[in-house]
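Trainee: So that we are looking at the same thing, I have put the structure below in structure tokens.
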Amino acid sequence: MINFIHSNIKTLFFSALFFLSFSASASNIYPEWFIFQGRYDNLIIGYSYGGLSSVEDAENMFCAYNECIVLGTLEIYETAAEDDLLKNSNYFYYFSTDSLEEIHGRLIQIDRFDVSVFTKDYISAFVIDSTIDSTFEFEAPRIKIEDLSRPQWIDKDFMEDDQFYYGSGMYTAIGNENDGWKTAEEQAIFTILTNLAIEMHEVKILTQESYNNEEEVSYIEQIYFLKLKYLLRNISIIERFPDRANKLYYALARIAKNDIISPMLKQKSHQ
1288 MINFIHSNIK TLFFSALFFL SFSASASNIY PEWFIFQGRY DNLIIGYSYG
1338 GLSSVEDAEN MFCAYNECIV LGTLEIYETA AEDDLLKNSN YFYYFSTDSL
1388 EEIHGRLIQI DRFDVSVFTK DYISAFVIDS TIDSTFEFEA PRIKIEDLSR
1438 PQWIDKDFME DDQFYYGSGM YTAIGNENDG WKTAEEQAIF TILTNLAIEM
1488 HEVKILTQES YNNEEEVSYI EQIYFLKLKY LLRNISIIER FPDRANKLYY
1538 ALARIAKNDI ISPMLKQKSH Q
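Numbers 1288 to 1558, taken from the working numbering, label the letters of the sequence shown in order.
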């Protein structure tokens, strides 16, 4: 079978909760393992998200990032009457429910920080039980946003070296923070896939309009369709950056070249 992702005495208690668990991000502080996840081997991150606890999300994402099939489309609209482009993407990650059953109950939370006291959103770090023993200890420093330098990779959508492809994703920081981070991660992965795809379909539409018997105006609308189908393995989110000045969240994804399988890539290699 497959599964898919479509990327309480009360006054005293809540007063204590407010002071003890005040949002880390609200004070502009994040754990190092969240900003620089690539420095921490075997770390799995989960968000409280869409009604799921962080451990449920971590189990789902562990399975999807370990191996999944991605199906999606990217539509790009361009008109002669306008200089800007309108993009619309739609994609799904499919992964085996057998792998979800295998990992269920095996993740151990080793750290957590609260994103919002009011929405009760939080982000957790997990490891698999078989990777640690009774002597395991974990401590990661906290990082102030003002101490972070703007990374160069956020100005490049797509990069590669001899072994890996890299993609950066971005999403607005206005609204739910966990939703923003997860969407930025999905966009980072989708950036890699769209830059590797070679099958682009184009449709041109001629539109003619006239108003109050004035001269008729004609313009051409071009629509590009990009269809995606990939088998992905060992997806990694290696870095994140909160751009508070511009109210944006950024994520950097990395996938080994030999962990991306698609008929499109086979065609490309034969050209």
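All C-beta atoms in this analysis are idealised placements derived from N, C-alpha and C, irrespective of residue type, glycine included. Quick caveat: nothing in here was measured; it's all calculated off a predicted structure.
1. Is there contact here, the segment 1415-1434 with the segment 1335-1342, by at least three beta-carbon pairs under 8 Å?
2. Does the distance from the C-beta atom of I1524 to that of A1543 stay below 8 Å?
3. Within the same chain, show all residues whose beta-carbon is closer than 6 Å to that of I1356, passing over the 5 residues directly before and after it, in chain order.
4. Which residue comes first and which comes last in the beta strand (DSSP E) that contains D1466?
5. State the DSSP-derived secondary structure class of Q1439, mapped to helix, strand or coil.
6. Let's test the definition: count the other Cβ atoms within 10 Å of the Cβ of Q1324 and tell me whether it reaches 16, buried, or not, exposed.
7. For E1433 and L1394, what's the separation of their Cα atoms in angstroms?
8. For Q1602, does the three-state DSSP call read helix, strand or coil?
9. Going by C-alpha to C-alpha distance, which of I1547, M1457, R1399 and F1477 sits closest to N1533?
10. Is DSSP giving G1333 helix, strand or coil here?
11. So V1414 is in the beta strand (DSSP E); what residue range does that whole segment cover?
12. Can you give me the C-alpha to C-alpha distance between L1330 and M1348, rounded to a whole angstrom?
13. Based on Cα-Cα distance, which residue from F1477, F1451, S1335 and I1522 lies nearest to Y1464?
14. Just grab the DSSP bridge partners of Y1327 for me.
15. Could you round the C-beta distance between I1547 and Y1352 to whole angstroms and report it? I think they count as a contact, below 8 Å.
16. What number of angstroms, rounded off, separates the C-alpha of S1386 from the C-alpha of V1414?
17. From the DSSP output, in three-state form, read off K1544 for me.
18. Which residue marks the beginning of the alpha helix (DSSP H) containing L1387, and which one marks its end?
19. Restricting to Cα atoms, I'd like to know which of D1448, S1436 and S1403 is closest to G1254.
20. Suppose you measure from the CA of E1281 to the CA of T1478; what does that come to, to the nearest Å?
21. Applying the criterion that 16 or more other CB atoms from any shown protein chain within 10 Å of the CB defines a buried residue, is Y1360 buried or exposed?
22. Using only the alpha-carbon positions, how far apart do A1475 and P1529 sit?
23. Alpha carbons only, please: which of L1480, T1481 and A1460 is nearest the one belonging to A1471?
24. Per DSSP, M1457 forms a beta bridge with which residues?
25. Going by beta carbon distance, what residues of the same chain come within less than 7 Å of I1296, once the five residues before and after it are set aside?
26. Please state whether the Cβ-Cβ distance between A1412 and I1430 is less than 8 Å.
27. So, is A1538 buried or exposed, given that buried needs 16 or more other C-beta atoms within 10 angstroms?
Mentor: Looking at the coordinates:
1. Between the segment 1415-1434 and the segment 1335-1342 there are fewer than three inter-stretch CB-CB distances shorter than 8 Å, so the stretches are not counted as touching.
2. The count along the sequence shown starts at 1 and reaches residue 1524 at position 237. The count along the sequence shown starts at 1 and reaches residue 1543 at position 256. In this structure, A1543 does not lie closer than 8 Å to I1524 by Cβ.
3. Start at 1 with the first residue of the sequence shown, and residue 1356 comes out as number 69. Y1381 and L1518.
4. One-based indexing of the sequence shown puts residue 1466 at position 179. Per DSSP, D1466 belongs to no beta strand (DSSP E); it is in the alpha helix (DSSP H), E1464 to L1483.
5. Sequence index remark: in the sequence shown, residue 1439 carries index 152 (1-based). It is helical.
6. Locating residue 1324 in the sequence shown gives position 37, counting from the first residue. When all chains shown are included, Q1324 counts as buried.
7. Position 146 of the sequence shown, counted from the start, is the residue given in the question as residue 1433. Position 107 of the sequence shown, counted from the start, is the residue given in the question as residue 1394. Rounded to the nearest whole angstrom, the CA to CA distance from E1433 to L1394 is 32 Å.
8. The first residue shown for the chain is 1288 and the last is 1558, placing residue 1602 beyond what the model contains.
9. Locating residue 1533 in the sequence shown gives position 246, counting from the first residue. The shortest Cα separation from N1533 among I1547, M1457, R1399 and F1477 belongs to M1457.
10. The residue given as residue 1333 occupies position 46 in the sequence shown. G1333: strand per DSSP, three-state reduction.
11. Your numbering for residue 1414 matches position 127 in the sequence shown. Looking at the DSSP string, the run of the beta strand (DSSP E) that includes V1414 is D1408 to I1415.
12. Residue mapping note: residue 1330 aligns to position 43 of the sequence shown, counting from 1. Residue mapping note: residue 1348 aligns to position 61 of the sequence shown, counting from 1. In this structure, the straight-line span from the alpha carbon of L1330 to that of M1348 is close to 12 Å.
13. On the sequence shown, residue 1464 is found 177 positions in, with the first residue counted as 1. For the record, residue 1464 in the displayed sequence is Glu; it is not Tyr. It is S1335 whose Cα lies nearest to the Cα of E1464.
14. By one-based count along the sequence shown, residue 1327 stands at place 40. Y1327 is bridged by DSSP to nothing; it lacks a bridge partner.
15. Mapped onto the sequence shown, residue 1547 falls at position 260. Mapped onto the sequence shown, residue 1352 falls at position 65. No, I1547 and Y1352 are not in contact; Cβ-Cβ is about 13 Å, not under 8 Å.
16. If you number the sequence shown from 1, residue 1386 lands on position 99. If you number the sequence shown from 1, residue 1414 lands on position 127. The alpha-carbon separation between S1386 and V1414 amounts to approximately 16 Å.
17. Mapped onto the sequence shown, residue 1544 falls at position 257. DSSP places K1544 in helix when its eight states are reduced to three.
18. Position 100 of the sequence shown, counted from the start, is the residue given in the question as residue 1387. T1384 to I1390 is the span of the alpha helix (DSSP H), which, as asked, contains L1387.
19. The requested residue 1254 does not occur in the structure, where the chain is confined to residues 1288 to 1558.
20. Here the chain comprises residues numbered 1288 to 1558, so residue 1281 is not present and cannot be evaluated.
21. By one-based count along the sequence shown, residue 1360 stands at place 73. The amino acid occupying residue 1360 in the given sequence is Thr; Tyr does not appear at that position. Taking every protein chain shown into account, the CB of T1360 has fewer than 16 other CB atoms within 10 angstroms, so this residue is exposed.
22. Your numbering for residue 1475 matches position 188 in the sequence shown. Your numbering for residue 1529 matches position 242 in the sequence shown. The C-alpha of P1529 is placed about 15 Å away from the C-alpha of A1475.
23. Counted from its first residue, the sequence shown places residue 1471 at position 184. Nearest of L1480, T1481 and A1460 to A1471, Cα basis: A1460.
24. As a working mapping, residue 1457 is identified with position 170 in the sequence shown. Beta-bridge partners assigned by DSSP to M1457: Y1537.
25. By 1-based counting over the sequence shown, the position of residue 1296 is 9. Residue confidence for I1296 is low, a pLDDT of 31 falling below 50, so the modelled location carries little weight and cannot support an answer.
26. Stepping through the sequence shown from its first residue, residue 1412 is reached at position 125. Stepping through the sequence shown from its first residue, residue 1430 is reached at position 143. No; because the gap between Cβ atoms is not below 8 Å, this pair is not in contact.
27. Taking the sequence shown and counting its residues from 1, one reaches residue 1538 at position 251. Of the residues assessed, A1538 falls on the buried side of the cut-off, its CB having 16 or more other CB atoms within 10 angstroms.
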